[in-house]
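Read through the structure below, which is laid out as structure tokens, and then see the notes.
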Amino acid sequence: MTSIFRVCILAALLLLSSPSNAVEYELREDGGDIFGKVERIRTRYDDTLIEIARRYSLGYEELVRVNKGVDPWLPGEGTQIVIPGQRLLPPSDREGIVVNLPEHRMYFFPKPKTGESAKVMTFPVSVGKMDWQTPIGVTKVVSKQKDPPWYPPESVRKEHEARGDPLPRVVPPGPNNPLGGHALRLNIPGGAYLIHGTNNPDAVGMAVTHGCLRMYPEDVAVLFEAVKVGTRVSLVNEPLKMTRVDGEVWIEVHPPVDAQGQSVAVKLEDFEKRLDSLLGDSEVAINWDIAIEALREASGIPVMIGLELAPESDTTENPLVEAVSPAMASR
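If you're matching positions, the sequence shown starts at 0 in numbering that gives the first Met the number 0 and goes up one per residue.
Following this line, the structure appears as structure tokens:
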């Protein structure tokens, strides 16, 4: 059996039977925006990174990005794989659904019941590709539908016709329907923007859609049951996230995209402005070597870049700040 055929069979089985790996994380009572953890696992003989990504509720691209040098199709038995499960919340109200487009990730904040702590659920999503970007802004869920038919917009039908792959006016529910088994319609002009499942789960976590938000079938099933019509949806563009937690300064960087949908680097001046706003008048030692490397790598893994200084502390005794530029060490 060829490896390609084996992968196709496994993908079909996953599509039919995968339980959701979505986890509810309890949020910190002090308002700290960090949760989860980075793990390291060893591959099995028949693993691929597509399978591992889905197993851990990750997008394929975010897993490949932090495992450079690993063959995504044949990593081999016993290969160490980094699972990027630690995250910073995007700067947004902790309400409803928040989708951070550069991160290709959704955050859902269920309303806590009386006496319960606030929680968050997070899922990888596919977002709009070049020339079909998902719009930024605040909207809401206006309807929900199980086993939705797909009515391809005229623009999408023309695109398919141009490449010799014409679409019918209606695609009924079933295995050939790209919306999968669940759809939540957003209140965006045109009415064509959905959060939905897929019949192609391998592409979850990429910029490949016509503006919709595509999820693993098992994840959208969980979201569908948890979300009510009227739920607020915030679509944000935050490639750089940062927070202060327990006297530590953390950043998380994702490859930003420009107006044409192309990946670009986070500008150092933008980072410095955000950092100044976060720190205010606090005395904080920032390791600029670590910070600049995190900006360059844009790995999506949170990195600690600084520590609050105790009064009259000696920063040279702290290994975090050994590489700090003397001119910019203290703020």
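From the three backbone atoms N, C-alpha and C, an ideal C-beta is built for every residue, glycine too.
- For serine 298, same chain residues with a beta-carbon under 8 Å away, outside a window of 5 residues either side, are Arg64, Val65, Pro83, Val252 in chain order.
- Contact between the stretch 213 to 225 and the stretch 64 to 80 is absent: fewer than three C-beta pairs spanning the two stretches fall below 8 Å.
- A Cβ-Cβ separation of about 5 Å places glutamine 85 in contact with proline 301 under the 8 Å criterion.
- For glutamate 307 against glutamate 282, the beta-carbon gap comes to about 7 Å, under 8 Å, which counts as contact.
- Of the candidates Pro148, Val265, Ala309, Pro151, the residue whose Cα lies closest to the Cα of alanine 290 is Val265.
- No Cβ-Cβ contact shorter than 7 Å links valine 124 with proline 148.
- Note on serine 56: 16 or more other CB atoms within 10 angstroms of its CB, so buried under the neighbour-count rule.
- Rounded to the nearest angstrom, the gap between the Cα atoms of glutamate 160 and leucine 166 is 7 Å.
- Note: methionine 129 is not bridge-paired with any residue in the DSSP secondary-structure output.
- For lysine 157, the enclosing alpha helix (DSSP H) begins and ends at 153 to 161.
- Leucine 100 is positioned such that its CB atom lies no closer than 7 Å to that of aspartate 32.
- With respect to the 7 Å criterion, valine 232 and leucine 185 are classified as neighbours on the basis of their beta carbons.
- Note that the stretch 122 to 140 touches the stretch 197 to 207; at least 3 beta-carbon pairs, one per stretch, sit closer than 8 Å.
- Pairing threonine 230 with valine 140 gives a Cβ-Cβ distance under 7 Å.
- Residue pairing from DSSP places glycine 95 in a beta bridge opposite Phe108.
- Cβ contact annotation for isoleucine 49 (same chain, cutoff 6 Å, sequence separation greater than five): Tyr59, Asp201, in chain order.
- For lysine 145, the uninterrupted beta strand (DSSP E) segment begins and ends at 136 to 145.
- Counting the other CB atoms within 10 Å of its CB gives proline 74 a total of 16 or more, which places it among the buried residues.
- Membership of tyrosine 24 in the beta strand (DSSP E) is indicated by the continuous run 23 to 25.
- Annotation for alanine 293: Ile250, Val252, Val302, Ile304 place their beta carbon closer than 7 Å to its own, counting only its chain and skipping 5 residues before and after.
- DSSP lists Arg41 as the bridge partner or partners of glutamine 79.
- Residue state for proline 123 is assigned as strand, using DSSP reduced to three classes.
- Per DSSP, isoleucine 194 is one residue of the beta strand (DSSP E) stretching across 193 to 195.
- By the neighbour-count definition (other C-beta atoms within 10 Å, threshold 16), threonine 121 is a buried residue.
- DSSP places leucine 62 in the helix class (H, G or I) of the three-state scheme.
- Arginine 295 carries a helical assignment under DSSP once its states are collapsed to helix, strand and coil.
- Linking lysine 240 to alanine 117 through their CA atoms gives a straight-line distance of about 20 Å.
- Judged by DSSP secondary structure, leucine 183 falls outside any alpha helix (DSSP H) and instead within the beta strand (DSSP E) spanning 181 to 185.
- Burial check for glycine 189: the Cβ neighbour count within 10 Å stays below 16, so the residue is exposed.
- For arginine 243, the three-state secondary structure derived from DSSP is strand.
- The alpha-carbon of arginine 54 is positioned some 43 Å away from that of alanine 309.
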